[in-house]
Amino acid sequence: AQSVTQLDSQVPVFEEAPVELRCNYSSSVSVYLFWYVQYPNQGLQLLLKYLSGSTLVKGINGFEAEFNKSQTSFHLRKPSVHISDTAEYFCAVSERGGSYIPTFGRGTSLIVHP
Amino acid sequence: DTAVSQTPKYLVTQMGNDKSIKCEQNLGHDTMYWYKQDSKKFLKIMFSYNNKELIINETVPNRFSPKSPDKAHLNLHINSLELGDSAVYFCASSPRGGNEQYFGPGTRLTVT
Numbered sequence: 097a098q099s100v101t102q103l104d105s106q107v108p109v110f111e112e113a114p115v116e117l118r119c120n121y122s123s124s125v126s127v128y129l130f131w132y133v134q135y136p137n138q139g140l141q142l143l144l145k146y147l148s149g150s151t152l153v154k155g156i157n158g159f160e161a162e163f164n165k166s167q168t169s170f171h172l173r174k175p176s177v178h179i180s181d182t183a184e185y186f187c188a189v190s191e192r193g194g195s196y197i198p199t200f201g202r203g204t205s206l207i208v209h210p
Numbered sequence: 013d014t015a016v017s018q019t020p021k022y023l024v025t026q027m028g029n030d031k032s033i034k035c036e037q038n039l040g041h042d043t044m045y046w047y048k049q050d051s052k053k054f055l056k057i058m059f060s061y062n063n064k065e066l067i068i069n070e071t072v073p074n075r076f077s078p079k080s081p082d083k084a085h086l087n088l089h090i091n092s093l094e095l096g097d098s099a100v101y102f103c104a105s106s107p108r109g110g111n112e113q114y115f116g117p118g119t120r121l122t123v124t
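Line by line, the protein sequences are chains A and B.
Residue numbers for the first sequence follow the working numbering, so the first one is 97 and each next one is one higher.
Residue numbers for the second sequence follow the working numbering, so the first one is 13 and each next one is one higher.
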């Protein structure tokens, strides 16, 4: 069975500063990895995904993430955040060849201050 | 067009009542899901369902039951509602063999 750990429950940052949201996973098999964003009072929306190939994945809204197999990590980054990036961010993992049902982390609240 | 839609958006009801939440997807996906998100934003899968298989999270009380009239719909029926059922419920779908999920806007259930 897989598991996901998001190390920070809350990340405050000033506008135009860079940000990194951390995600580590555990699995006995190869995995697919995802980041989702949830804006207030909305459903989750896919930011980016890693299925295979290049370990650096680019997503929407200027976000990117890097898959590091040796460190079992999939950290999310953005070089310059905006107020509108304030939201809850979820890392998720599903196992290749499995049921495809993802396991979600507990979420990281990104708070961007002016 | 909304890809995954849910109704109602808000639902306030009393303990002991029975209620249903409807979900529809127009993406042609094979698999649909129900999730519960608690007040701390923790997302817990309740059910996964396609034409052939229902996977139930064994921690979900049997007061909760999914009902699928067809491939595009997966409704959630809840019997004998309890205070602890108060949460936001999300429907989602994914394509066959698919990876990413497409979420609905959520239904905020409040049990008084």
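Note that beta-carbon positions come from the ideal geometry of N, C-alpha and C, so glycine has one too.
Give me the chain B residues within the contact set of residue i, using Cβ-Cβ distance strictly less than 9 Å, ordered along the chain.
i	result
R202(A)	K52, K53, F54 and L55
Classify residue i as helix, strand or coil using the three-state DSSP reduction.
i	result
N157(A)	helix
L95(B)	helix
I197(A)	coil
S105(A)	coil
S180(A)	helix
C119(A)	coil
T19(B)	strand
E70(B)	coil
T124(B)	coil
N29(B)	coil
T165(A)	The question names Thr, but residue 165(A) is Lys in the sequence shown. Residue state, collapsed to three classes: coil.
Ignore the nearest five residues each way along the sequence and tell me which others in residue i's own chain have a CB closer than 6 Å to its CB.
i	result
N69(B)	I57 and M58
N29(B)	L93
S77(B)	H89
Residue i touches chain A at which residues, Cβ-Cβ below 7 Å?
i	result
E127(B)	Nothing about residue 127(B) can be reported from this structure: the residues present for chain B run from 13 to 124 only.
G118(B)	G139
First and last residue of the beta strand (DSSP E) that includes residue i?
i	result
F54(B)	First-last for F54(B): undefined, no H or E at that position.
M44(B)	T43 to Q49
D82(B)	F76 to D82
V133(A)	V127 to Q134
Going along the chain, which residues of its own chain have a beta-carbon closer than 7 Å to the beta-carbon of residue i, five neighbours each way excluded?
i	result
L95(B)	M27 and V123
By the criterion of Cβ-Cβ separation under 8 Å, what are the contact partners of residue i in chain A?
i	result
I67(B)	S195 and I197
S106(B)	Y196
Listing by chain order, which chain B residues have their CB less than 7 Å from the CB of residue i?
i	result
E184(A)	K53
Is residue j closer than 8 Å to residue i when the C-beta atoms are compared?
i	j	result
R173(A)	Y128(A)	no
Give me the chain A residues within the contact set of residue i, using Cβ-Cβ distance strictly less than 9 Å, ordered along the chain.
i	result
F76(B)	The contacting residues do not exist; F76(B) stays about 17 Å from chain A at best.
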